[in-house]
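Residue numbers (full-length UniProt numbering): 1 to 98.
From the three backbone atoms N, C-alpha and C, an ideal C-beta is built for every residue, glycine too.
Each remark here refers to the structure printed beneath this line.
Structural data, given as structure tokens:
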């Protein structure tokens, strides 16, 4: 339940940041992404998307939403902007479901 309070505040209109920090191989990517094909092993990112788009689907039809996401990695002092194709496909799937 680390990310849930942040995502709930995002739904109230605040900006949110979820930051994973640690040595190489300690599970940061797995924590953030998880395994998409296994619901109980989905990470923070897909679960956050599901929560956000689920709330949007339940919102008043006159309410407008703008969802922006940045996903990046800092490795050896180099910033890499990442938005994996599989995550994009997951967002598209959520859009179709809701």
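When DSSP labels each residue in this structure, what does residue i get in the three-state scheme?
{"i": "residue 79", "result": "strand"}
{"i": "residue 66", "result": "coil"}
{"i": "residue 12", "result": "coil"}
{"i": "residue 42", "result": "strand"}
{"i": "residue 6", "result": "helix"}
{"i": "residue 99", "result": "Coverage of the chain is limited to positions 1 through 98, which leaves residue 99 absent and any answer about it impossible."}
Taking all protein chains shown into account, decide if residue i is buried (16 or more other Cβ within 10 angstroms of its Cβ) or exposed.
{"i": "residue 10", "result": "buried"}
{"i": "residue 33", "result": "buried"}
{"i": "residue 48", "result": "buried"}
{"i": "residue 57", "result": "exposed"}
{"i": "residue 50", "result": "buried"}
{"i": "residue 39", "result": "exposed"}
{"i": "residue 46", "result": "buried"}
Could you check the C-alpha separation between residue i and residue j for me, to the nearest Å?
{"i": "residue 42", "j": "residue 35", "result": "5 Å"}
{"i": "residue 2", "j": "residue 22", "result": "16 Å"}
{"i": "residue 14", "j": "residue 31", "result": "23 Å"}
{"i": "residue 76", "j": "residue 24", "result": "11 Å"}
{"i": "residue 7", "j": "residue 63", "result": "18 Å"}
{"i": "residue 54", "j": "residue 79", "result": "31 Å"}
Can you round the beta-carbon distance between residue i and residue j to whole angstroms, since I take them to be within the 8 Å contact cut?
{"i": "residue 18", "j": "residue 52", "result": "No, residue 18 and residue 52 are not in contact; Cβ-Cβ is about 12 Å, not under 8 Å."}
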